[in-house]
Every structure is written in structure tokens, then in C-alpha cells.
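Participant: Here's a structure for you.
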Amino acid sequence: MVKGWNWDGFFEYLTNTYILEGAAVTLGLTIAAMTLGVVAGCVVALMRMSPFRILSNIAYFYTWLIRGTPLLVQLIIIYTGLPQIGIKFSVLEATLIGLVMNEAAYLSEIIRSGISSVPKGQSNAARAVGMTDVQMMRYIVAPQAARIIIPPLGNSVNGCLKTTSIASIISMEELLRRTQVLIQEKFMVLELFVVAALYYLLMTTAWDLIQRRIERHFGRGYDIKADAAEQR
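In this note's numbering, the protein residues as written are 691 to 922.
Quick look at the structure:
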């Protein structure tokens, strides 16, 4: 028996509905932030690569500002700072805005590097056979860029899932916040934090398995060993 450790309390909160709902909120925030973040990241990436200097400079300034400041500070400014100038958001709105802005800044660089990795000669060849820019992006650039983008994009999902815990600072009732509420009521600090850690570990492990399958799918034709293993 470990002194100070409450096994009954640990197992009770391991399946506690309040904690499970918090984990579901964390998962929902991650899905929403990554989905919107990818869309916004594509826009920012294309702006960075635009021949129009003003668009490129705006995108550069955005990524410089967001990547250069902590998400915690950004959330506090959005939720508690902006109301001072008449701009108010709910906890959920402030959380999503902060997460999406943050993810978009990082994902834009991942997407831009993936697109830039495709040899320009292929783009020139696509135009030479009469493809439009949209067709070129869809059939030539995007499939090849995806192989480069998918691994770091998957890592960003993993990171975002854990980063949602920062939203607890503005009282967003995700997994960590609900854990803190129960700690204040039950005073089982270690047990409840371990329960929260296990849920984060479970979700990140599940995503890791999904990410591996996605990477294998988009890596077909490039990884000879992986292709041979699939054929067996």
C-alpha cells in the first residue's frame, strides 16, 4: 500500500462521467482546431507564396506574430483583454479562436514547405500540357506534397490535443479543467492528475496508431520496404 495514495478514489475517477465528458471536450476541441487550422493554414501558406508582396508580407507578419508569442498569452488577450475595447467572446469562442490562430500559423509553414518540395519542373510540365493552376495543384502538386506534409501534420494533431489543456486557464471545461475542479472538491491531487494523464496518453496513443496508417497510405510507391510488406 502506497502511503497517501487512494486506490479506491483512483479507480472511481478513472471511469467518472464528469472526467469522461472533459476528455470528449478535449477531443472535440482538437478536431475543430485542426480542421479549421488546416483550412486557415492553407490560405496563409498560399498568401506567403503569392507573387503579390502585400499578401506575402501580411502572411509573414501573421506567422511571425503568432509563432513568436505563447498561446497562453494569446488566450488571455482574446478572453480578458479584448473585452476592454468592446470585443467579447465566450469561453468556447475564445478557445477556438486562439487554437485555430495558433495552429494555422504553424501548419502554414508545414504546408508551404510541402508544396515547395515539389520540383518546379513538374509544375512547368503541367502548364505545358494545358493544365490550369487548380488542376495542377490537385493532380500534380498536392499528391506529392501530401507525402511531405502528413508526418508533421500528424505530429501537430498530437501536440494540439495536449495543448488544449492550456485553455483551462480561461475556465474552458476540458479534461484538465474538470480535473482541477474535482481536486478542489475531493483533495485527491495525485490520483486525479494521474487519471487525467492516462486519458491524454490514451488519446495520443490512439492517434499515433491512426497516423501510422495514414503515413503508410500516402507513402505507398515511395517506401519499397513498406510496399513489399503490404503485398505479403
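Even for Gly, the Cβ is constructed at its ideal location relative to N, Cα and C.
#1: Ends of the alpha helix (DSSP H) at Trp697?
#2: Cα separation between Thr759 and Gly788?
#3: Is Thr707 helix, strand or coil by DSSP?
#4: Do Cys850 and Glu905 come within 7 angstroms of each other at the CB atom, strictly closer than that value?
#5: Could you pull out every residue in the same chain whose Cβ sits closer than 8 angstroms to the Cβ of Ser813, ignoring the five residues on either side in sequence?
#6: In whole angstroms, what separates the C-alpha of Arg757 from that of Thr869?
#7: Check Phe877 in the structure and name its three-state DSSP category.
#8: For the alpha helix (DSSP H) containing Ala857, name the first residue and the last one.
#9: With a threshold of 6 angstroms on Cβ separation, who are the neighbours of Phe700 within its own chain once the five nearest residues in sequence on each side are excluded?
#10: Is Leu745 near the ligand SAM, judged by its Cβ being under 6 angstroms from some heavy atom?
#11: Roughly how many whole angstroms lie between the Cα atoms of Ala835 and Met821?
#12: Output yes if chain C places a C-beta closer than 7 angstroms to the C-beta of Val763; else output no.
#13: Quick check on DSSP: helix, strand or coil for Phe883?
#14: What is the C-beta distance between Ile786 and Ala722, in whole angstroms, given that I count them as a contact (C-beta under 8 angstroms)?
#15: Just to confirm my understanding: we take Phe908, look at its own chain, exclude 5 residues before and 5 after, and list those with CB closer than 8 angstroms. What are they?
#16: Might you give, ordered along the chain, the residues of its own chain that have their beta carbon closer than 6 angstroms to the beta carbon of Ile749, omitting 5 neighbours on each side?
#17: Helix, strand or coil: how does DSSP classify Ser937 here?
#18: So, Leu872 versus Ala713, is the Cβ gap smaller than 7 angstroms?
#19: Residue ranges of each alpha helix (DSSP H) run of no fewer than 4 residues wholly in the region 699-770, ordered along the chain?
#20: Might you give, ordered along the chain, the residues of its own chain that have their beta carbon closer than 8 angstroms to the beta carbon of Ala883, omitting 5 neighbours on each side?
Facilitator: Once the coordinates are examined:
#1: 697-704 is the extent of the alpha helix (DSSP H) around Trp697.
#2: One alpha carbon belongs to Thr759, the other to Gly788, and they sit about 12 angstroms apart.
#3: Residue state, collapsed to three classes: helix.
#4: Cβ atoms of Glu905 and Cys850: not closer than 7 angstroms.
#5: Once the five neighbours on either side are set aside, the close Cβ partners of Ser813 are Met826, Ile830, Val831.
#6: If you draw a straight line from the Cα of Arg757 to the Cα of Thr869, it is about 29 angstroms long.
#7: Reduced to three states, the DSSP call for Phe877 is coil.
#8: Counting along the chain, Ala857 falls outside any alpha helix (DSSP H), and DSSP gives it neither H nor E.
#9: Scanning its chain for C-beta atoms nearer than 6 angstroms, with the 5 sequence neighbours on each side dropped, one finds around Phe700 the residues Glu881, in chain order.
#10: By its list of ligands, the structure shown contains no ligand whatsoever, and the ligand SAM lies outside what it can speak to.
#11: Answer to the nearest angstrom: the Cα atoms are 18 angstroms apart.
#12: No chain C is present in this structure, which holds just one protein chain.
#13: Looking at Phe883 - three-state DSSP - the assignment turns out to be helix.
#14: The sequence given here places Leu at residue 786; Ile does not occur at that position. Between the beta-carbon of Leu786 and that of Ala722 there is about 6 angstroms, and that keeps the pair under the 8 angstroms contact cut.
#15: A distance below 8 angstroms between beta-carbons, with the five flanking residues on each side excluded, links Phe908 to the following residues of its chain, in chain order: Ala836, Arg837, Ile840.
#16: Just to set this straight, residue 749 is Ala in the shown sequence, not Ile. The residues are Val734, Met737, Arg738.
#17: Because the chain spans 691 through 922 in this model, residue 937 falls outside it and cannot be assessed.
#18: In this structure, Ala713 does not lie closer than 7 angstroms to Leu872 by Cβ.
#19: Runs of the alpha helix (DSSP H) inside the region 699-770: 707-738, 743-757, 761-766.
#20: The question names Ala, but residue 883 is Phe in the sequence shown. Correct list, in chain order: Thr869, Ile873.
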